[in-house]
Amino acid sequence: MKVQFILNNSHPFGANQSLLTLMEYLHDKGVEVFVLLPSKSILIEEYDKLGIKYDIVPFFSTLFYLKLRVKYLVVPIFAILDFVLFPLLLYKVRRNNPDIIYSNTSAENLGVFIARLLNKKHIWHVREFMNLDFNAFFVFGKKCKAKFLNLSDQLVFVSEAVFKEIDIYNNLARKSTVVYNGFNFPKLNIEEKELPANPIFGLVGMFDEAKNQLGALDYFVKILNKYPEAKLYFYGGKTGAYRKKVEKEVKKLKIKDKVIFKGFVRDKNEIYNEIDILLMFSRAEGFGRVTVEAMGMGVPVIGYNNGGTKEIINHKNNGYLFEDLPSFKIAINELLGSKGNFNQIRIRAFKHVKEKYSKKQYAENILGIVNRLV
Numbered sequence: 004m005k006v007q008f009i010l011n012n013s014h015p016f017g018a019n020q021s022l023l024t025l026m027e028y029l030h031d032k033g034v035e036v037f038v039l040l041p042s043k044s045i046l047i048e049e050y051d052k053l054g055i056k057y058d059i060v061p062f063f064s065t066l067f068y069l070k071l072r073v074k075y076l077v078v079p080i081f082a083i084l085d086f087v088l089f090p091l092l093l094y095k096v097r098r099n100n101p102d103i104i105y106s107n108t109s110a111e112n113l114g115v116f117i118a119r120l121l122n123k124k125h126i127w128h129v130r131e132f133m134n135l136d137f138n139a140f141f142v143f144g145k146k147c148k149a150k151f152l153n154l155s156d157q158l159v160f161v162s163e164a165v166f167k168e169i170d171i172y173n174n175l176a177r178k179s180t181v182v183y184n185g186f187n188f189p190k191l192n193i194e195e196k197e198l199p200a201n202p203i204f205g206l207v208g209m210f211d212e213a214k215n216q217l218g219a220l221d222y223f224v225k226i227l228n229k230y231p232e233a234k235l236y237f238y239g240g241k242t243g244a245y246r247k248k249v250e251k252e253v254k255k256l257k258i259k260d261k262v263i264f265k266g267f268v269r270d271k272n273e274i275y276n277e278i279d280i281l282l283m284f285s286r287a288e289g290f291g292r293v294t295v296e297a298m299g300m301g302v303p304v305i306g307y308n309n310g311g312t313k314e315i316i317n318h319k320n321n322g323y324l325f326e327d328l329p330s331f332k333i334a335i336n337e338l339l340g341s342k343g344n345f346n347q348i349r350i351r352a353f354k355h356v357k358e359k360y361s362k363k364q365y366a367e368n369i370l371g372i373v374n375r376l377v
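FYI, the numbering for the sequence shown is 4 to 377, going by our numbering.
Okay, here's the thing in structure tokens:
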């Protein structure tokens with residue numbers, strides 16, 4: 004069996020990390036895997052290690068989603084580029100002769116057309132809201148978005164929250180399945196940990212309004228009143244206007260010694276060994292990859308009560324959910340109020356994600372879908 008994956012970007016962020024886990028499993032099961040991506044990145048090193056074949060073509064596949072930003076005025080130019088490059092994309096995929104063409108995100112908009120032209124089955128893995136998380140809107144409206152997705156043979160949604168948001172106007176249930184991401188959890192014997200007197204909070208994710216680093220910074224300042232020696236670590240790449248806003252706010256608040264910009268850290272173990280508590284401030288997280296990663300490393304999570312986050316965290320059982328500053332403060336106080344509670348939350352979180360978000364469970368669900376279509 005052959006599967007052709009198409010990526011809408013080459014960044015080593017959540018969606019592509021989840022895909023890498025899936026491709027590794029399929030490859031080990033004897034499935035021939037191909038990847039089409041728009042640019043070089045460190046992902047290629049992983050593909051080479053696994054022996055996965057890939058092609059790089061500088062296409063722009065997020066054709067039907069726009070943001071209210073000046074740079075999106077050049078989208079028509081990218082559309083012309085795609086028109087010129089489309090025969091090459093078609094040739095690359097046709098040469099591989101896949102049984103399935105697999106679009107890795109809802110932002111990948113060319114795969115379904117390639118599948119139709121080549122008379123191949125198509126799977127669409129919808130990993131994000133687009134409008135709620137990335138403020139990106141389908142140019143023809145919500146109703147047409149669902150109809151567009153309906154061109155695919157099978158839809159895979161990363162969470163119930165994403166499915167319900169997109170399926171609000173059209174019945175996509177007959178060809179839709181919710182499959183949570185799976186993980187390569189490190190072998191770890193979780194032990195009791197001393198309650199941190201000077202907690203280190205961490206927020207992991209690219210600098211973007213969707214990740215709400217500014218909101219985390221605002222709440223962190225309030226926490227310093229009770230924990231004056233606490234620190235906040237920001238992990239994530241992508242420089243730009245939003246990161247500059249965060250840096251400017253840190254200077255304005257005069258807390259440069261309390262807030263550390265760690266940049267992109269490839270080794271996840273390094274991240275979760277450094278922090279005591281993970282903060283998830285995204286107000287519309289499609290799933291919450293870093294939430295599961297942290298829980299799987301014995302790091303408790305305080306997350307915003309919405310989107311996929313509330314499907315992962317069982318409030319006060321394996322983590323904490325908040326909706327405003329008062330509920331956030333309650334979560335901090337309860338989590339750091341006693342060593343017993345701190346460790347119970349950590350241990351329950353660890354056991355929960357190990358059972359529910361395993362790599363095998365995730366990949367076998369996808370493989371089952373692929374087998375049914377073929």
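C-beta atoms are modelled at their ideal positions from N, C-alpha and C, and glycine is treated no differently.
Hey, could you find the ends of the beta strand (DSSP E) residue 318 is sitting in?
Along the sequence shown, read from residue 1 onward, the residue named residue 318 stands at position 315. Residue 318 -> no beta strand (DSSP E), and no H or E assigned at all.
Could you tell me whether the Cβ atoms of residue 136 and residue 213 are closer together than 9 Å?
Taking the first residue of the sequence shown as position 1, residue 136 is located at position 133. Taking the first residue of the sequence shown as position 1, residue 213 is located at position 210. Going by C-beta atoms, residue 136 is nearer than 9 Å to residue 213.
If you run the structure through DSSP and keep just helix, strand and coil, what is residue 23?
For this step, residue 23 is matched to residue 20 along the sequence shown. Residue state, collapsed to three classes: helix.
As a quick exercise: from 309, 315, 314, pick the residue whose alpha carbon is nearest that of residue 325.
Mapped onto the sequence shown, residue 325 falls at position 322. Taking only the C-alpha atoms, the option nearest residue 325 is 309.
Going by the CB atoms, is the gap between residue 5 and residue 35 shorter than 9 Å?
One-based indexing of the sequence shown puts residue 35 at position 32. One-based indexing of the sequence shown puts residue 5 at position 2. Yes. Within cutoff.
Quickly, what does DSSP pair residue 7 with across the bridge? List them, please.
Within the sequence shown, residue 7 is the residue found at index 4, counting from 1. Residue 7 pairs with 37, 104.
Given residue 268, which residues of its chain have a CB within under 8 Å of its CB, disregarding the five upstream and five downstream residues?
Here residue 268 refers to the residue found at position 265 of the sequence shown. If we look at residue 268 and ignore the five residues flanking it on each side, its Cβ neighbours are 238, 274.
Which value, in whole angstroms, describes the spacing of the CA atoms of residue 115 and residue 55?
Locating residue 115 in the sequence shown gives position 112, where the first residue counts as 1. Locating residue 55 in the sequence shown gives position 52, where the first residue counts as 1. Between residue 115 and residue 55, the C-alpha separation is close to 22 Å.
Since residue 136 is in the alpha helix (DSSP H), which residue starts that stretch and which ends it?
Here residue 136 corresponds to residue number 133 of the sequence shown, with the count starting at 1. Where residue 136 is concerned, the enclosing alpha helix (DSSP H) stretches over 134–137.
Kindly list the residues whose CB is nearer than 7 Å to the CB of residue 155, restricted to its own chain and excluding five residues on each side of it in sequence; keep chain order.
Taking the first residue of the sequence shown as 1, we reach residue 155 at position 152. Closer than 7 Å at Cβ, skipping near neighbours: 115, 125, 126, 127.
Would you mind reading off the limits of the alpha helix (DSSP H) that contains residue 365?
Numbered from 1 along the sequence shown, position 362 holds the residue referred to as residue 365. Here the alpha helix (DSSP H) through residue 365 covers 362–376.
Please identify the residue among 287, 221, 291, 278 whose C-alpha is closest to the C-alpha of residue 257.
Numbered from its first residue, the sequence shown carries residue 257 at position 254. When each option's Cα is compared against that of residue 257, the closest is 221.
I'd like the list of long-range same chain contacts for residue 37, defined as Cβ closer than 6 Å, with 5 residues on each side in sequence excluded.
Here residue 37 refers to the residue found at position 34 of the sequence shown. So the list reads 7, 56, 99, once near-sequence residues are dropped.
Taking only the alpha-carbon atoms, compute the straight-line gap between residue 313 and residue 235 and give it to the nearest angstrom.
Within the sequence shown, numbered from 1, the residue matching residue 313 stands at position 310. Within the sequence shown, numbered from 1, the residue matching residue 235 stands at position 232. Taking the straight line joining both Cα atoms gives about 23 Å.
Spell out a yes or no on whether the region 290–309 and the region 347–355 are touching, meaning 3 or more CB-CB pairs, one atom from each, closer than 8 Å.
The region 290–309 vs the region 347–355: in contact.
Quick one: using the 10 Å Cβ neighbour count with 16 as the cut-off for buried, is residue 132 buried or exposed?
Here residue 132 refers to the residue found at position 129 of the sequence shown. Counting Cβ neighbours within 10 Å, residue 132 comes out buried, since at least 16 surround it.
For the candidate residues 277, 255, 9, 211, whose alpha-carbon lies nearest to that of residue 93?
Locating residue 93 in the sequence shown gives position 90, where the first residue counts as 1. Ranking the options by Cα distance to residue 93, first place goes to 9.
Counting only runs of 4+ residues fully inside the region 111–176, write out the alpha helix (DSSP H) ranges in chain order.
DSSP runs (the alpha helix (DSSP H)) wholly in the region 111–176: 114–121, 134–137, 145–152, 163–169.
With a threshold of 16 other CB atoms inside 10 Å of the CB of residue 295, please say whether the residue is buried or exposed.
Translated into positions along the sequence shown, residue 295 becomes position 292. Buried, since its Cβ has 16 or more Cβ neighbours within 10 Å.
For residue 329, count neighbouring Cβ atoms within 10 angstroms of its own Cβ and tell me buried if that reaches 16, exposed if not.
In the sequence shown, counting from the first residue as 1, residue 329 sits at position 326. Looking at its Cβ environment, which holds fewer than 16 other Cβ atoms inside 10 Å, residue 329 is exposed.
Just mark residue 146 as buried or exposed, buried being the case when its beta carbon has 16 or more other beta carbons within 10 Å.
Reading the sequence shown from its first residue, position 143 is the one you call residue 146. It is exposed - the Cβ of residue 146 has fewer than 16 other Cβ atoms within 10 Å.
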